[in-house]
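Colleague:
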Amino acid sequence: MKKIVIILCALVLVVSCKSTNIQNNKKAKTIGVLVDSAMVVSAREEASKIGVAILKKGGNAFDAMIATELALAVAYPFAGNIGGGGFMVYRTNDGKTGALDYREKAPLAASKNMYLNENGDIIFQKSTLGAMAIGVPGTVDGLFKVYEKFGTLPFSDLIQPAIDLAYKGVIITEKQADRIKKYQPYFSKANDTTILYEANWKANDTIKYIQLAKSLERIRDNGRDSFYKGKTAELLVNYIQKLGGIITKEDLEKYEAKWRKPIEFTYKDLKIISMSPPSSGGICNAQILKAIEPFNIAEFGHNSLKSIQLITEAERRAYADRSFYLGDPDFVKIPIDTLISSKYIQQRMANFSWKKATTSSTLKHGKIIGYESDETTHYSIVDSFGNSISATTTLNGAYGSKVFVSEAGFFLNNEMDDFSAKSGTPNMFGLIGAEANAIAPEKRMLSSMTPTIVEKNNQFYMSVGSPGGSTIITSVMQTILNVYEFGFGMQEAVNLPRFHHQWLPDFITMEPKGFTPKLIKNLEKKGYKIQQENTTIIGKVDAILRLPNGKLEGGADYRGDDTAIGF
Ligand code: GLY
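Remember, our numbering sits 14 above the position in the sequence shown when you count from 1.
1. From G258 to A145, what distance separates their C-alpha atoms?
2. For N506, does the count of other Cβ atoms within 10 angstroms reach 16, so buried, or fall short, so exposed?
3. Just the C-alpha distance for S404 and G411, rounded to the nearest angstrom, thanks.
4. Out of F502, D520, G580 and E421, point me to the one whose CA is closest to D206's CA.
5. Starting from K189 and walking both ways along the alpha helix (DSSP H), at which residues does that stretch end?
6. Measuring straight from C-alpha to C-alpha, what distance separates I350 and A217?
7. Give me the Cα-Cα distance between Y572 and Q139, rounded to the nearest whole angstrom.
8. Between which residues of its own chain and A87 is the CB-CB distance below 6 angstroms, once the five residues before and five after are set aside?
9. Which residues bound the alpha helix (DSSP H) around S402?
10. May I ask you to check if the CB of M463 is nearer than 7 angstroms to at least one heavy atom of ligand 1?
11. Please report how far the alpha carbon of N536 lies from the alpha carbon of Q473, in whole angstroms.
12. Are there 16 or more other CB atoms within 10 angstroms of the CB of G447, so buried, or fewer, so exposed?
13. Looking only at C-alpha atoms, which of L266, I486 and A371 sits nearest to L250?
14. Which one of I552, Q492, E469 and Y358 has the shortest CA to CA distance from K527?
15. Measuring only the C-alpha atoms, how far is K285 from S355?
16. Run through the DSSP bridge pairs and tell me what Y393 is partnered with.
17. Between the C-alpha atoms of F529 and V55, what's the straight-line distance to the nearest angstrom?
18. Cutting at 6 angstroms between CB atoms, please list the residues of its own chain near V346, excluding the five before and the five after it.
19. Check whether the segment 96–111 and the segment 75–85 touch, using three or more Cβ-Cβ pairs below 8 angstroms as the test.
20. Do K416 and L84 count as a contact pair if the criterion is CB distance below 8 angstroms?
21. Report the three-state DSSP secondary structure of D556 (helix, strand or coil).
22. Give the range of the beta strand (DSSP E) segment to which M53 is assigned.
23. Starting from V160, follow its DSSP beta bridges and name the residues at the other end.
24. Rounded to whole angstroms, what's the CA-CA distance from E386 to K470? Just pull it up for me.
25. Is T82 helix, strand or coil when you go by DSSP?
26. Give the secondary structure of L114 by DSSP, where H, G and I count as helix, E and B as strand, and everything else as coil.
27. Over what stretch of residues does the alpha helix (DSSP H) that includes K539 continue unbroken?
28. Candidates L460, E329, Y281 and A52: which alpha carbon is nearest Y339's?
29. Using only the alpha-carbon positions, how far apart do G501 and N310 sit?
30. Just to confirm, are Y242 and Y223 a CB contact at a threshold of 8 angstroms?
31. Is I302 near ligand 1 - that is, is its Cβ less than 7 angstroms away from at least one heavy atom of it?
32. Do P13 and R117 have their C-beta atoms within less than 8 angstroms of each other?
33. Could you tell me the distance, in whole angstroms, from the CA atom of L377 to the CA atom of T523?
34. If the criterion is Cβ atoms closer than 8 angstroms, does the pair P481 and T550 meet it?
35. Measuring straight from C-alpha to C-alpha, what distance separates Q361 and I306?
36. Which same chain residues, not among the five before or five after K40, have their C-beta less than 6 angstroms away from its C-beta?
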């Protein structure tokens, strides 16, 4: 096709668009938004714009992170939040790296068997819907931790755009209207009053978030304590307790986000910096990529039979280990160095065969001496000073527990479902957990969120992450491989069809239409079970790639309303 379609929504020097199909000699290549020096890619155009405005004002990537995260809390209530939590991985322009854990915690009154009935069976929806599902939120404290360490602009400048947006209102997209409709029956189950989202909202309507604007103003004027000790805390605790929940004022007062050492490992000549426990993302991806490393996967071809076999078997082994070893590092000892060592991983791959699928029933976690949601959201930011961040934030399920504190204007998470409520029983993502991820007061639940930064030749190369519960890890890994091994650009790498295996259940989930019947048949012949029926999308990756000429290419996932903007 000799067509050149360039959709540039340029505002002064700002470029804002989804992607551009341009002609190369062989085939039409999809190229993402290209900019010279700075970029934000997030789930909503409004949030990306707000982040970029902060960068243009001279703020750094951390300032823009705060503004973007708060804007997502307004524009993307599906997953953006102040009632949830998240993780952020960073790399400063002088190569320093770090990670922030603002994950939710179990309340003080939580207990190991709190979701089980007298027969020891899981009580339906108790960990997913309603007040008992809520973990103590971490987002607001996390943003203040970032600000204390790295912020440069006045905090009020960073939060004001979200406040203005909340008062002005946000236009509902088609996808958002569908989601609201889909979840309305759950909103009425989880709340004792009719909530804002129960009106007959349609695409192109504008929702104003007045109570949320007021909560944000209190944060602007009185800092993190307004959320953890002040009026917002009071509104939140009163409502949760009225609905039968167990979170107290003491839980909120005690909450603290924590700086963590990220998981760092090499893959060929890349250095990968990813999230450490209580996320499983960094460790699992290290295990998967290290298992693939000895093979010339580029030669096998993208999404070829051999590539899918190799990746699947690496994933199977990594998720088996995840289920046994991983949990909150403040509560359990995790043999991180061994889990990500090449020697251990090669031992784990020793029984891999090209001829036949390993079956998960015969594979357990490895011997060493010694779950999650679709409804998360990721954003990546690079500033013109050369700093980069990768942040993933979540309410867990869509709109979290569906509990909406009407007087404060926001949803509360259902992150408690990411614990293993009963050893060996799957959570809402089908993930199996063991003692390491059992519930305990003040413990953080295991996550799959995988905010990741990749370095090449000691320089920033990529910032990448995704929502998607257990599929986050494999979406991030496939995106890195798509660029590095298979030579795709950032937007193409994001767009390509994805697949996923997580040990149990023992099947490969594949995005429909992305894989040929012949390929699926060949996989089935080798003993792989394929699942496509219940899957519409896998992950929703947002990423930024530094090209050899120094420009930045955005990858904003077409699967959502995601948008890359930069200058
Ligand atoms: N709740 C999604 C995750 O943390 O993985």
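Every residue gets a Cβ at the ideal spot worked out from N, C-alpha and C, and that includes glycine. These numbers come from a predicted model, not from an experiment.
Modeller: Answer, in terms of the structure:
1. A direct Cα-to-Cα measurement between G258 and A145 gives close to 6 angstroms.
2. For the record, residue 506 in the displayed sequence is Glu; it is not Asn. Only buried fits E506, as 16 or more other CB atoms lie within 10 angstroms of its CB.
3. Distance between the alpha carbons of S404 and G411 is about 21 angstroms.
4. Of the candidates F502, D520, G580 and E421, the one whose C-alpha sits nearest the C-alpha of D206 is E421.
5. Judged by DSSP secondary structure, K189 falls within the alpha helix (DSSP H) whose first and last residues are E188 to A204.
6. Taking the straight line joining both Cα atoms gives about 47 angstroms.
7. Cα-Cα distance, rounded: 31 angstroms.
8. Excluding its 5 nearest sequence neighbours in each direction, A87 has C-beta neighbours in its own chain below 6 angstroms: G94, N95 and I96, listed in chain order.
9. Careful: S402 lies outside any alpha helix (DSSP H), inside the beta strand (DSSP E) at S402 to T408.
10. If you check the C-beta of M463 against ligand 1, you find a heavy atom less than 7 angstroms away.
11. Spanning the two alpha carbons is a distance of roughly 40 angstroms.
12. G447 is classed as buried because its beta carbon has at least 16 other beta carbons within 10 Å across all chains shown.
13. That would be L266, whose Cα lies nearest to the Cα of L250.
14. Distance from the Cα of K527 is smallest, within the candidate group I552, Q492, E469 and Y358, for I552.
15. Note on geometry: alpha-carbon atoms of K285 and S355 lie some 15 angstroms from one another.
16. Note: Y393 sits in a beta bridge opposite A405.
17. Here the alpha carbon of F529 sits roughly 27 angstroms from the alpha carbon of V55.
18. Once the five neighbours on either side are set aside, the close Cβ partners of V346 are A450.
19. Touching, yes.
20. No, the pair does not count as a contact, with Cβ atoms beyond the cut-off.
21. Correct three-state label for D556: strand.
22. Unbroken beta strand (DSSP E) run through M53: M53 to S56.
23. When DSSP reads this structure, V160 sits in no beta bridge, so it has no partner.
24. For E386, the pLDDT reaches just 34, beneath the cut-off of 50, and the residue's location in the model is therefore unreliable, although a value from the coordinates is still provided. In a straight line, the C-alpha of E386 is about 30 angstroms away from that of K470.
25. Looking at T82 - three-state DSSP - the assignment turns out to be helix.
26. L114 falls in the strand class under three-state DSSP.
27. From DSSP, the alpha helix (DSSP H) with K539 extends over P531 to K539.
28. Residue L460 is the option with its Cα nearest to Y339.
29. The C-alpha of G501 lies about 14 angstroms from the C-alpha of N310.
30. It is not a contact, given that the beta carbons lie outside the stated cut-off.
31. Answer for I302: no, Cβ out of range of ligand 1.
32. An answer regarding residue 13 cannot be provided, because it is not within the stretch 15 to 581 covered by the chain.
33. In this structure, the CA atom of L377 is about 19 angstroms from the CA atom of T523.
34. No, the pair does not count as a contact, with Cβ atoms beyond the cut-off.
35. Taking the Cα positions, Q361 is about 13 angstroms away from I306.
36. For K40, the predicted model reports a pLDDT of 46, less than 50, meaning its position is unreliable; a value from the coordinates is still stated below. The same chain holds no residue with a CB closer than 6 angstroms to that of K40 once the five nearest residues on each side in sequence are set aside.
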